[in-house]
Structure formats: C-alpha cells, structure tokens
Ligand SMILES: Cc1cc2nc3c(=O)[nH]c(=O)nc-3n(C[C@H](O)[C@H](O)[C@H](O)COP(=O)(O)OP(=O)(O)OC[C@H]3O[C@@H](n4cnc5c(N)ncnc54)[C@H](O)[C@@H]3O)c2cc1C
Ligand code: SF4
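Shown next as structure tokens:
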C-alpha cells in the first residue's frame, strides 16, 4: 500500500491568510483543493511538500454565477442541474461531467483540474517503480524515457476542462504576493511537461471569468478507453462564433496530445467566413490532424490516437452544426 508522507496541514479561512502561510512555508509549501491529484502524487513522491495549505475553507473561492466560476467549486457542482443553462457554461459542464467518476468529481475542483499535473506512463508510477528505471527528468532523474535524446519532458496535459477554457477564451484570475492578475486561459499553459503552468507556485487561482454568451457556442468531445474513470487520451474543444449561418470565428483546441491544451489556429482559420458544411468541417479536421502529435506515453497506439483527431474534430463540429440548425 502506498502511504502519504507526514506533513503539516493548514486550513486558512481567507486568501490573505493562505498567501501568508505559503510565504512562511516557502518552496516546501503547496496549495491543495480536493487533493485527488496532489495526494496520489505525494504517495508516489512526485511532489513532497512539508506543508499543505487547503484552499477549501475560503469562501471567495466558491463563487458561482453565469460569468464567474470560483476555483474551489467541485466538478459535481459544475455539472449540477441547477447550473444556469447557457451554452458556454454547458461546454464547461460537459467537460467536468466527463472527468473520472462521481466520487472524484465530488472531491475534485475546477481549480485543481485547471492546474492538474501533466501525466506520463513513466512518471505516474510508485517511487520504487520509478527507481527501478533510474527515474526520469520530470522527477529525480535526468533522462526522458519517451524521447531519450530530448532536452525536455513530454508529459501530457490531461485535464478535460482546460481545453474548453482555452477554446472559449476564458480568463483566470490569479492572486499572489505581488497582487492580482487576469490571464487568458491560453497563456496559462506552457508546452513543457515539467513547467506546464505560467502560474507561480505562490499564486492562487481564484476564479475563472467566462466570456458573455454572445452568439457563441462550444462543445467538448473526449476519447478514452473506458466510458468512465479514464483520463483523456484525446480531448477536442471546439468553439464557434456564428454570424447567421456563417462561421465568424472559430477555435479548435486539443487536449491529451501535448504538454498543454494545444490550439490549432489553422483549423479555426479553415472555418472562418464559411458555412459549417461537410466540406469545411473536413478541411478543419484535416488541419487539426496535421499538428496533432501524441507521444507514446499514455494509453492506446499513438498513430491511432493521431487519426482519431480527425474523427473527433469532425464529430465536435458536427454537433455544433446540428445545434445551430
Ligand atoms: C483515478 C483518477 C481518475 C482521474 N480522471 C481524470 C479525468 O478523466 N480527467 C481529468 O481532467 N482529471 C482526472 N483526474 C484528476 C483529478 O481528479 C481532477 O483533475 C480534479 O479536478 C483535480 O482537482 P483537485 O481539486 O482534486 O486538485 P488537487 O489535487 O487539490 O490539486 C491539483 C494541483 O492543483 C493545485 N491547485 C489546486 N487548486 C488550486 C488553486 N485554486 N490555486 C492554485 N493551485 C491550485 C495543487 O497545488 C496541485 O498542484 C483523475 C484522478 C484520479 C485519481
Ligand atoms: S515525458 Fe519523459 S521526462 Fe517527461 S515524465 Fe515522461 S519519461 Fe519522464
């Protein structure tokens, strides 16, 4: 059985108190929300904080209205039938509902999902397993077993909700010792398996600002081995701004194929100014297929996952078209 190491657990009631506790703990302190990612990682010694600061008692992180989603809302709360029924938040709810199992969605939060550690078959293993291969550069070692000559880590962004936030153009409100800043979701992520966030370790993700529904629509489609429980090996978030029956603007964002939610600008460009016909959907799916380069470090054969990019983009755009008839 994997055991948690011992650590000090703190429960601030305000953001200011949480920031003070983190400053006192220094690099040995980490924030936790639902703990469904951090605690398993601590059991495998991926992260080894001496002080864990829970954000769950801070009321400001639980805000919920049609344009603001607090970071400590649980994924279950985002999928509750009482959610305001607008289409943008519907895409967020769909992605949240597709995360894992009801138990994990009851514990796991929006903020934790958006800050989720990147994943890799050589990393998400026990300490002893990792030691038996002399570790890897993401933690405790020097080499990347997926691409041994590579100077970087290719661990995979595996959040279901993050691609949707990038696609719809959401903004994240961060608070740290230097004050507050608003970051577009697309600039919150790095394509690097180790430094996958632009957020500083002492910054708290306070909430997510959704753009006003204004002729936009968005959907999320997820590929995984089992219809429940599994992480995405491909996620497709598609966003369209309509001008009558024509696409005024579009964004296609892929999850599960890179170390960040990967927007494919060529796919969006293929749709601009066009009707969402089979011909233009095929052009966008083809444009998304080309830069989709899954690595051999999650589930399924990587060439099949790449081919599924075309299929899932076609399905996502088909759903958007059907909803706009
Ligand atoms: C078996 C299993 C299956 C899973 N399947 C999926 C899946 O299919 N799809 C998916 O997307 N995820 C999946 N997850 C991962 C995880 O459960 C969810 O992503 C969940 O939403 C994480 O939220 P949390 O609150 O538990 O995060 P935590 O574990 O509390 O935190 C995760 C990270 O985010 C940081 N953090 C959390 N909140 C904040 C904040 N407000 N400000 C700054 N930093 C913060 C923490 O310091 C930590 O580094 C799975 C997990 C397990 C164990
Ligand atoms: S991609 Fe390479 S460095 Fe990154 S976790 Fe996997 S094996 Fe380790």
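Numbering (our numbering), first residue to last: 44 to 368.
Cβ atoms here follow ideal geometry from the backbone N, Cα and C, with glycine treated the same way.
beta-carbon residue i near ligand 2 non-hydrogen atom, thresh 7 Å
i: residue 115; result: no
i: residue 4; result: The requested residue 4 is not part of the displayed model; the chain covers only 44 to 368.
i: residue 172; result: no
i: residue 37; result: No answer is possible for residue 37: it lies beyond the span of the chain, which begins at 44 and ends at 368.
i: residue 166; result: yes
i: residue 84; result: no
Proximity test, residue i beta-carbon vs ligand 1 heavy atom, cut-off 7 Å
i: residue 158; result: yes
i: residue 202; result: yes
i: residue 75; result: yes
i: residue 275; result: yes
i: residue 208; result: no
Best match in the options for proximity to residue i [C-alpha to C-alpha]
i: residue 53; options: 44, 67, 47; result: 67
i: residue 195; options: 203, 201, 185; result: 185
i: residue 148; options: 180, 226, 115; result: 115
i: residue 342; options: 300, 264, 292; result: 300
i: residue 287; options: 269, 308, 317; result: 317
i: residue 353; options: 92, 139, 310; result: 310
i: residue 172; options: 87, 137, 180, 160; result: 87
i: residue 80; options: 241, 336, 274, 120; result: 274
i: residue 306; options: 295, 91, 312; result: 295
i: residue 284; options: 151, 325, 210, 348; result: 210
i: residue 50; options: 61, 90, 59, 63; result: 90
i: residue 169; options: 327, 45, 325, 330; result: 45
i: residue 118; options: 205, 219, 161; result: 205
i: residue 272; options: 312, 145, 74; result: 145
Sheet register partners of residue i (DSSP bridge)
i: residue 212; result: DSSP, once it has assigned bridges, lists no residue as partnering residue 212.
i: residue 260; result: 283
Range of the contiguous beta strand (DSSP E) that encloses residue i
i: residue 53; result: 51 to 53
i: residue 85; result: Residue 85 -> not in any beta strand (DSSP E); alpha helix (DSSP H) instead, spanning 81 to 86.
i: residue 250; result: 247 to 252
Run of the alpha helix (DSSP H) containing residue i, from where it starts to where it stops
i: residue 284; result: Counting along the chain, residue 284 falls outside any alpha helix (DSSP H), though it belongs to the beta strand (DSSP E) covering 277 to 286.
i: residue 153; result: 153 to 157
i: residue 317; result: No alpha helix (DSSP H) holds residue 317; DSSP gives it neither H nor E.
heavy atom of ligand 4 below 7 Å from residue i C-beta
i: residue 176; result: With respect to ligand 4, the structure offers nothing, as its ligand set consists of ligand 1 and ligand 2.
Assess, as a yes-or-no matter, whether the segment 92 to 105 is touched by the segment 47 to 63 under the definition of 3 or more beta carbon pairs within less than 8 Å. Yes, since at least three Cβ pairs between the segment 47 to 63 and the segment 92 to 105 fall closer than 8 Å, the two stretches touch.
Counting Cβ pairs, one atom from each stretch, are 3 or more of them under 8 Å apart for the segment 259 to 273 and the segment 218 to 236? Verdict: no, contact absent.
Segment contact, 8 Å Cβ cut-off, at least three pairs: the segment 203 to 223 with the segment 153 to 162: Taking a cut-off of 8 Å for Cβ pairs, the segment 203 to 223 and the segment 153 to 162 touch, as three or more such pairs fall below it.
Would you call the segment 132 to 144 and the segment 67 to 77 in contact, with 3 or more CB pairs under 8 Å? At 8 Å Cβ cutoff, the stretches do not touch.
Touching or not, the segment 231 to 239 and the segment 103 to 110, by the rule of three or more beta carbon pairs under 8 Å? A contact between stretches requires three or more CB pairs, one per stretch, nearer than 8 Å, and the segment 231 to 239 fails this requirement with the segment 103 to 110.
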